[in-house]
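**Q** What follows is a single structure, and I will ask about it in a moment.
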Amino acid sequence: MLIKYLKKKEEILIKPNRIFCLTSNYKEHIKEMGKEKDTASIFIKPLSALIQIEEGKTEKIPKPKFGKLLHHEVEIVLLFLKDEIGYGVGLDLTLRDLQKEFKEKGKPWFLAKGFDFSAPISTFHSIKDEKNLKIFLYVNDEKRQEGSFKEMILKPREIIKFISNYIPLKEGDIIFTGTPSGIGELKIGDFAESYLYEKDKKITSFRVKIF
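Residues in the sequence shown are numbered consecutively from 178, following the numbering used here.
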């Protein structure tokens with residue numbers, strides 16, 4: 178599998194390496210998860226979770242049969258390259274009922290986050306000014322989530338530094354940077370559309386249908 182990165186008008190294909198995900202990076206999301214304060218931590222998803230969806234296309238994603246409550250978490254996603262960063266948007270799909278159960282038992286919640294196709298992403302793009310990035314998620318044409326660079330606790334380059342303190346990053350590594358508030362359920366038949374904007378200009382988007 179290769180993933181697409183658009184550097185201006187040049188299309189570059191990159192082999193994905195690893196998928197890192199950051200927790201607790203928006204204050205309002207921390208509150209909606211029932212906490213006043215929290216610190217960021219890192220978890221991983223397997224490459225089998227990854228699916229890149231081209232602009233204007235819809236991909237069908239199956240709801241896992243071993244969980245009941247499928248939640249959406251829209252996120253700015255980074256592509257780590259040797260001399261630059263690619264920017265995209267992605268969904269961290271989560272089986273919330275399983276995650277809650279595993280947390281209560283003090284067990285790892287990999288199964289709640291690491292199932293097949295749980296990390297759909299857009300095409301990656303080069304960005305002039307990351308400070309103007311915004312993300313949106315619509316479910317069946319209703320806005321569910323909205324977030325921006327300005328609301329992030331750790332900014333993209335700080336996230337890279339944070340992860341690199343523990344694990345040296347390599348070209349092709351993909352980083353989900355955390356979700357803003359507004360997480361909610363996706364049901365069978367729902368359409369979820371994820372958008373990345375720079376100021377008022379749409380950079381990329383994709384749509385999934387849950388079945």
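Note that beta-carbon positions come from the ideal geometry of N, C-alpha and C, so glycine has one too.
1) Measuring CB atoms only, is the segment 267 to 276 touching the segment 337 to 346, in the sense that at least three cross pairs come out at less than 8 Å?
2) Identify, in the order they occur along the chain, each residue of the same chain with its Cβ nearer than 6 Å to the Cβ of serine 201, setting aside the five sequence neighbours on each side.
3) Taking only the alpha-carbon atoms, compute the straight-line gap between leucine 256 and isoleucine 380 and give it to the nearest angstrom.
4) Sort Asp260, Ala296, Gly244 by Cα distance to lysine 277 and report the nearest one.
5) Pull the bridge partners of serine 433 from the DSSP assignment, please.
6) According to DSSP, is phenylalanine 294 part of a helix, a strand, or is it coil?
7) Is it buried or exposed, aspartate 318, if we count other Cβ atoms within 10 angstroms and call 16 or more buried?
8) Alpha carbon to alpha carbon, what distance is there between lysine 237 and isoleucine 387?
9) Taking the alpha-carbon positions, what's the lysine 376 to lysine 311 distance?
10) On the criterion of 16 or more Cβ atoms from any shown chain inside 10 Å, does leucine 190 qualify as buried, or is it exposed?
11) Using C-beta distances below 8 Å, list every residue in its chain close to tyrosine 203, excluding the 5 sequence neighbours before and after it, in chain order.
**A** Quick look at the numbers:
1) Note that the segment 267 to 276 does not touch the segment 337 to 346; fewer than 3 beta-carbon pairs, one per stretch, sit closer than 8 Å.
2) Take serine 201, set aside five residues on each side of it, and the residues of its chain with a beta-carbon closer than 6 Å to its own are Ile207, Asp215, Ala217, in chain order.
3) Whole-angstrom Cα-Cα distance: 15 Å.
4) That would be Gly244, whose Cα lies nearest to the Cα of lysine 277.
5) A question about residue 433 goes unanswered here, because the residues of the chain that appear run from 178 up to 388.
6) Looking at phenylalanine 294 - three-state DSSP - the assignment turns out to be coil, as it is neither helix nor strand.
7) With fewer than 16 neighbouring CB atoms inside 10 Å of its own CB, aspartate 318 falls in the exposed class.
8) The C-alpha of lysine 237 is placed about 6 Å away from the C-alpha of isoleucine 387.
9) Approximately 7 Å, taken between the alpha carbons.
10) That one is exposed.
11) Shown here for tyrosine 203: same chain residues with a beta carbon closer than 8 Å to its own, the five before and five after excluded, namely Gly324, Glu328, Met329, Ile330, Gly355, Thr356, Pro357, Ser358 in chain order.
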